[in-house]
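Colleague: Straight run, no breaks: the sequence shown in the numbering used here ends on number 285.
By construction, the Cβ of each residue, glycine as well, lies at the ideal position given by its N, Cα and C atoms.
These numbers come from a predicted model, not from an experiment.
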Amino acid sequence: GMGTTLTIGIVVGDILYIGHIGDSRLYLFREGNLYQLTSDHTLVSLMVKNGEIDREEAEHHPQKNIITKALGTSGSVEPDTYVAKLKEEDILLGSTDGLTDMVTKEELQELLAQPLPLNILCDRLIEAANEKGGLDNITVIVAKIESEEKREIRKEKEGGDLDADRSNDQ
116 GMGTTLTIGI VVGDILYIGH IGDSRLYLFR EGNLYQLTSD HTLVSLMVKN GEIDREEAEH
176 HPQKNIITKA LGTSGSVEPD TYVAKLKEED ILLGSTDGLT DMVTKEELQE LLAQPLPLNI
236 LCDRLIEAAN EKGGLDNITV IVAKIESEEK REIRKEKEGG DLDADRSNDQ
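Okay, here's the thing in structure tokens:
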């Protein structure tokens with residue numbers, strides 16, 4: 116009866132193709148604003164959609180982690196799919212609810228606005244969730260959209276891999 120979430124993003128040129136099942140999330144940070152690109156497959160998310168509760172009530176609802184769609188719980192499951200057009204300097208944030216249950220949208224925006232190397236940004240996001248209790252596993256993936264030329268220049272300056280992901284399993 117165990118299942119898992121899956122959120123995948125594939126970038127081809129300036130187009131992001133997304134497949135999504137569960138309550139992990141993919142965000143787009145553009146020009147100081149954070150946009151959630153995926154929709155949670157949870158009981159509480161359905162309750163908000165149906166007008167039974169509002170978003171504020173959803174944040175603290177006791178059943179907010181009941182997943183309505185997961186990979187591995189049935190013979191087949193259809194993922195939600197999305198397509199987004201990307202711009203240079205966009206930042207993509209993929210995370211489990213261990214981050215988003217602990218860190219507010221405003222706090223995420225503030226952290227993502229800092230001009231940090233991606234590996235340091237991942238560490239700061241995880242630290243922010245842990246400082247608030249870190250009640251669940253925290254997985255974070257951050258990617259920045261850059262031209263190939265800019266990427267090579269940055270790679271030379273920073274010495275090493277620019278893409279980063281970090282996990283803190285508890």
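How far does the alpha helix (DSSP H) with Ala243 in it extend, from its first residue to its last?
Modeller: Within the sequence shown, the letter at position 128 stands for residue 243. Taken as a continuous stretch (DSSP letters only), the alpha helix (DSSP H) holding Ala243 covers Leu233 to Glu246.
Colleague: Verify whether the separation of the beta carbon atoms of Ala228 and Gly147 is less than 9 Å.
Modeller: For the purposes of this step, residue 228 is identified with residue 113 of the sequence shown, where counting begins at 1. For the purposes of this step, residue 147 is identified with residue 32 of the sequence shown, where counting begins at 1. Taking 9 Å as the Cβ cut-off, Ala228 and Gly147 qualify as a contacting pair.
Colleague: How is Pro213 classed by DSSP in three states: helix, strand or coil?
Modeller: Position 98 of the sequence shown, counted from the start, is the residue given in the question as residue 213. It is worth fixing the name first, because residue 213 is Gly in this sequence and not Pro. Three-state DSSP puts Gly213 in a helix.
Colleague: If you pair each beta-carbon of the stretch 137 to 157 with each one of the stretch 229 to 248, do three or more pairs fall below 8 Å?
Modeller: Contact between the stretch 137 to 157 and the stretch 229 to 248 is absent, because fewer than three Cβ pairs lie under 8 Å.
Colleague: My understanding is that Thr119 touches Leu186, with C-beta atoms under 8 Å, so please give their C-beta distance in whole angstroms.
Modeller: As a first step, residue 119 is located in the sequence shown; it is residue number 4 there, counting from the start. As a first step, residue 186 is located in the sequence shown; it is residue number 71 there, counting from the start. Going by Cβ atoms, the distance from Thr119 to Leu186 rounds to 5 Å, so yes, they are a contact pair.
Colleague: For Ala345, which of helix, strand or coil comes out of DSSP?
Modeller: With the chain covering only 116 through 285, there is no way to say anything about residue 345.
Colleague: For a quick check, are the C-beta atoms of Gly137 and Ile182 less than 9 Å apart?
Modeller: Walking along the sequence shown from the start, residue 137 turns up at place 22. Walking along the sequence shown from the start, residue 182 turns up at place 67. Yes, they are a contact pair.
Colleague: Are three or more beta carbon pairs between the stretch 200 to 210 and the stretch 252 to 266 nearer than 8 Å?
Modeller: The stretch 200 to 210 is in contact with the stretch 252 to 266.
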